[in-house]
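Undergrad: Numbering (our numbering), first residue to last: 6 to 672. There's a structure below that I have some questions on.
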């Protein structure tokens, strides 16, 4: 492959931009969908769809300088689409799109293998990590060695919508040490493994959003078949009705663009609430530290918090420390009307040093402007929550706080509440209007991508559906089918089983139940699961080892789609549980030469009895089978493995791939 010139990665945040038309040298415009821009990767040996806009009825000719061309005509609305035959992997090429008067050239086009990469924060997590508290293992070395111009990534900007969209915002970035840090880490390692093995260009379309549930990524027709979402279409129609009470009320609120709020972050939305003498007597009361609960659990926007506290004595020559612990997502914090800290990273613990003389004997005030932009938020604290001197807590700030919701986030705007139009007066919306909106992310971040030619998809999600495993058993396969239906093909779909994490408690099982629901999705054709029971973390929901995650996904693709039959792609899979005397024999398809145990031996096996009682059992490995020794004289009806939230792997194959969480009936 040739060397390619390098392009700095461009990151688009929550704000929504308009399609920027490409122009020829004469200033005439011919609009292409943003997917079709310089540095693009097209799927090899296929008929790749290319589309855009022009004047109605205009004839459009698309030509690749590899010797293929296609012709089409724009419809009455100016929309056009055609398919261009692509050669085997190679490049760089260019594509010329021309009408009678306009011409656009797409430069530095590679032909190779294209994969769609989607999910929530573990897919979104960049190669540089969620700094400073959540790094990626080996990130520095991976970024420094990422001079791989054969890999390109198109990152779709965050957006949600109640109705299907036709365009996304984003651009193709060439993989270099300057750009790779912003790439999805899981997608990067997946793509790097494929590129190194196949020696062809790899295109990665990255479309993910942290903290989002599977229903947000699912087409409305598919959702209607899932319990809990049968009425979603009617509710979406009600949301879109401009004459509904909710829309009329919301339209009368002042609007502030998200781009403006981030540019002038500290000045906007009622700065007077920070004042030490502001009268907050009419505000409601909430206990802090805490996650936002009740009506606020899915609230995205700005909330002010205030509290008065008393100090019996103050040393005016000492720097006190304000410890607030965890805040999700962002805060601006004031003491006695003076700004003492701003943090825009939800992974950072808040510890603000207070200038000498700011605190005073007697009453003081603290005000916090919280912004939550996705999923659940809150001021959830840590070991200490208050004012500290020499690491000793001198003012405990936990307890009652006054609070006032100030502005709610919807799409690309904040709607600002007023005294006569407060949050409490807001009519009930038929659905939560944020990135949890059922079908909202599919409409805005998946639907606009098809029919772009792809080889397949990888997926890392499930954490936001923990606690709803029975629903997920239907929802997740429905989502996959809805994507395949949109593309008109049963493409490969490989996903990551969620990692161990405490959730509601290390001994509880809601995460294991979700992992089991993911297992059942393997009944769909051309699916595969990367199990990561061995690389989770009890301290973070974002495991730092994304290299193994990406490479395990790549193993599935190499073995199933690229003819590398000797590549081990699956951990051991239990095929039968048979009772023999006072033992249960578990048969496994090892997925490699043989079964092996972890460093601490086999553990995590348990049996379930007819009365519902559960007992842990001793497990041993004999002749490539797992043997469970029973203590009770009862006959168990079911065997489970790794059935706790924080269960870790103890059973592997000789390729080092772990067995999944499992539940199987005893015969």
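Glycine residues also receive a C-beta, built at the ideal position from the N, C-alpha and C atoms. The structure displayed is predicted, hence computed values, not measured ones.
Taking residue 450 and residue 227 to be in contact with their CB atoms under 8 Å, please state how far apart those CB atoms are, rounded to whole angstroms.
TA: Taking the chain shown and counting its residues from 1, the one referred to as residue 450 is at position 445. Taking the chain shown and counting its residues from 1, the one referred to as residue 227 is at position 222. Contact flag wrong, Cβ pair sits at about 16 Å.
Undergrad: Counting only the same chain and skipping the five closest in sequence on each side, list residues whose C-beta sits under 8 Å from that of residue 588.
TA: Taking the chain shown and counting its residues from 1, one reaches residue 588 at position 583. These residues qualify, in order along the chain: 632, 633, 634, 635.
Undergrad: What is the DSSP secondary structure of residue 408, counted as helix, strand or coil?
TA: In the chain shown, the residue the question calls residue 408 occupies position 403. Residue 408 falls in the strand class under three-state DSSP.
Undergrad: To which residues of the same chain is residue 629 closer than 8 Å at the C-beta, ignoring the five residues directly before and after it?
TA: Sequence index remark: in the chain shown, residue 629 carries index 624 (1-based). Excluding residues within five positions, the ones whose Cβ falls inside 8 Å are 593, 595, 599, 600.
Undergrad: Looking at residue 221 and residue 446, is the spacing between their C-beta atoms short of 8 Å?
TA: Position 441 of the chain shown, counted from the start, is the residue given in the question as residue 446. Position 216 of the chain shown, counted from the start, is the residue given in the question as residue 221. Yes, the pair counts as a contact, with Cβ atoms nearer than the cut-off.
Undergrad: Residues bridged to residue 98 by DSSP?
TA: By 1-based counting over the chain shown, the position of residue 98 is 93. In DSSP, residue 98 forms a bridge with 114.
Undergrad: By DSSP's criteria, residue 399 is part of a beta bridge. Which residues make up the other side?
TA: The count along the chain shown starts at 1 and reaches residue 399 at position 394. Residue 399 is not bridged to any residue.
Undergrad: If you follow the alpha helix (DSSP H) that residue 144 is part of, which residue opens it and which one closes it?
TA: If you number the chain shown from 1, residue 144 lands on position 139. Note, residue 144: alpha helix (DSSP H), 144-149.
Undergrad: With residue 591 and residue 644 assumed to form a contact (beta carbons below 8 Å), what rounded beta-carbon distance in angstroms separates them?
TA: Position 586 of the chain shown, counting from 1, holds the residue named residue 591. Position 639 of the chain shown, counting from 1, holds the residue named residue 644. Confirmed, Cβ separation roughly 7 Å.
Undergrad: Is residue 349 buried or exposed, if buried means 16 or more other CB atoms sit within 10 Å of its CB?
TA: For the purposes of this step, residue 349 is identified with residue 344 of the chain shown, where counting begins at 1. With fewer than 16 Cβ atoms within 10 Å of its Cβ, residue 349 is classed as exposed.
Undergrad: Any idea which residues DSSP pairs residue 612 with across the strands?
TA: Position 607 of the chain shown, counting from 1, holds the residue named residue 612. Answer is 620, 644, bridged to residue 612.
Undergrad: Which value, in whole angstroms, describes the spacing of the CA atoms of residue 493 and residue 531?
TA: As a working mapping, residue 493 is identified with position 488 in the chain shown. As a working mapping, residue 531 is identified with position 526 in the chain shown. Using only the alpha carbons, I get a separation of about 15 Å.
Undergrad: How about residue 63 and residue 78: do their beta carbons lie closer than 8 Å?
TA: The residue given as residue 63 occupies position 58 in the chain shown. The residue given as residue 78 occupies position 73 in the chain shown. Yes, these two residues count as a Cβ contact at 8 Å.
Undergrad: Of the residues 242, 512, 67, 94, which one's Cα is nearest the Cα of residue 47?
TA: Indexing the chain shown from 1 puts residue 47 at position 42. Comparing Cα-Cα distances from residue 47 to each of 242, 512, 67, 94, the minimum goes to 94.
Undergrad: Which parts of the stretch 334-376 are runs of the alpha helix (DSSP H), unbroken and 4 residues or longer, counting only runs that do not cross its ends?
TA: Segments of the alpha helix (DSSP H) lying fully in the stretch 334-376: there are none.
Undergrad: Considering Cα atoms alone, identify which of 128, 491, 441 is closest to residue 459.
TA: As a working note, residue 459 is residue 454 in the chain shown. When each option's Cα is compared against that of residue 459, the closest is 491.
Undergrad: For residue 130, does the count of other Cβ atoms within 10 angstroms reach 16, so buried, or fall short, so exposed?
TA: Along the chain shown, read from residue 1 onward, the residue named residue 130 stands at position 125. The residue in question, residue 130, is buried, as its Cβ has 16 or more Cβ neighbours within 10 Å.
Undergrad: To which residues of the same chain is residue 198 closer than 7 Å at the C-beta, ignoring the five residues directly before and after it?
TA: Taking the chain shown and counting its residues from 1, one reaches residue 198 at position 193. Only 555, 556, 559 meet the Cβ criterion.
Undergrad: Identify whether residue 45 lies in helix, strand or coil by the three-state DSSP scheme.
TA: Position 40 of the chain shown, counted from the start, is the residue given in the question as residue 45. Coil at residue 45, not helix or strand.
Undergrad: Going straight from the alpha carbon of residue 419 to that of residue 413, what length do you get?
TA: Residue numbering aside, residue 419 sits at position 414 when the chain shown is read from its first letter. Residue numbering aside, residue 413 sits at position 408 when the chain shown is read from its first letter. Residue 419 and residue 413: Cα-Cα distance of roughly 5 Å.
Undergrad: Do you know whose CA, among 444, 654, 623, lies nearest residue 223's CA?
TA: One-based indexing of the chain shown puts residue 223 at position 218. Ranking 444, 654, 623 by Cα distance to residue 223 puts 444 first.
Undergrad: Measuring CB atoms only, is the stretch 79-87 touching the stretch 402-413, in the sense that at least three cross pairs come out at less than 8 Å?
TA: Short answer: they don't touch.
Undergrad: Suppose the cutoff is 6 Å on Cβ atoms and the five residues either side in sequence are ignored; what does the same chain contact list for residue 157 look like?
TA: Against the chain shown, residue 157 aligns to sequence position 152. Correct list, in chain order: 44, 46, 177, 179, 208.
Undergrad: Tell me, to the nearest whole angstrom, how far the beta carbon of residue 509 is from that of residue 518; I am working on the premise that it is less than 8 Å.
TA: Within the chain shown, residue 509 is the residue found at index 504, counting from 1. Within the chain shown, residue 518 is the residue found at index 513, counting from 1. So it is not a contact: roughly 12 Å between Cβ atoms.
Undergrad: Which same chain residues, not among the five before or five after residue 4, have their C-beta less than 7 Å away from its C-beta?
TA: What the structure shows of the chain is the stretch from 6 to 672, and residue 4 is not part of that stretch, so it cannot be assessed.
Undergrad: Report buried or exposed for residue 189, applying the criterion of at least 16 other Cβ atoms within 10 angstroms of its Cβ.
TA: Within the chain shown, numbered from 1, the residue matching residue 189 stands at position 184. Under this definition residue 189 is a buried residue.
Undergrad: Less than 8 Å separating the beta-carbons of residue 440 and residue 217?
TA: By 1-based counting over the chain shown, the position of residue 440 is 435. By 1-based counting over the chain shown, the position of residue 217 is 212. A contact, by the Cβ cut-off of 8 Å.
Undergrad: Based on the DSSP secondary-structure assignment, which residues constitute the bridge partners of residue 465?
TA: Mapped onto the chain shown, residue 465 falls at position 460. According to DSSP, which records beta bridges pairwise, residue 465 is partnered with 124, 501.
Undergrad: Helix, strand or coil, according to DSSP, for residue 526 in the structure here?
TA: Residue 526 sits at position 521 when you count from the first residue of the chain shown. Reduced to three states, the DSSP call for residue 526 is helix.
Undergrad: Which of helix, strand or coil does DSSP assign to residue 191?
TA: As a working mapping, residue 191 is identified with position 186 in the chain shown. If DSSP states are grouped into helix, strand and coil, residue 191 belongs with the helices.
Undergrad: Taking contact to mean 3 or more Cβ pairs, one atom from each stretch, closer than 8 Å, check whether the stretch 541-551 and the stretch 138-146 are in contact.
TA: At 8 Å Cβ cutoff, the stretches touch.
Undergrad: Output the distance between the C-alpha atoms of residue 148 and residue 194, rounded to the nearest integer angstrom.
TA: Along the chain shown, one-based indexing puts residue 148 at 143. Along the chain shown, one-based indexing puts residue 194 at 189. Each residue's alpha carbon lies about 11 Å from the other.
Undergrad: From the DSSP output, in three-state form, read off residue 254 for me.
TA: Locating residue 254 in the chain shown gives position 249, where the first residue counts as 1. Three-state DSSP puts residue 254 in a helix.
Undergrad: Residue 279 and residue 342 look like a contact to me (Cβ under 8 Å); what is the Cβ gap, rounded to whole Å?
TA: To locate residue 279, count along the chain shown from 1; it is residue 274. To locate residue 342, count along the chain shown from 1; it is residue 337. Confirmed, Cβ separation roughly 6 Å.
Undergrad: Tell me whether residue 231 is buried or exposed, calling it buried when 16 or more other Cβ atoms sit within 10 Å of its Cβ.
TA: Within the chain shown, numbered from 1, the residue matching residue 231 stands at position 226. Buried.
Undergrad: Tell me which same chain residues have a C-beta within less than 6 Å of the C-beta of residue 196, skipping the five on either side of it?
TA: Position 191 of the chain shown, counted from the start, is the residue given in the question as residue 196. So the qualifying residues of the chain are 156, 207, 209.
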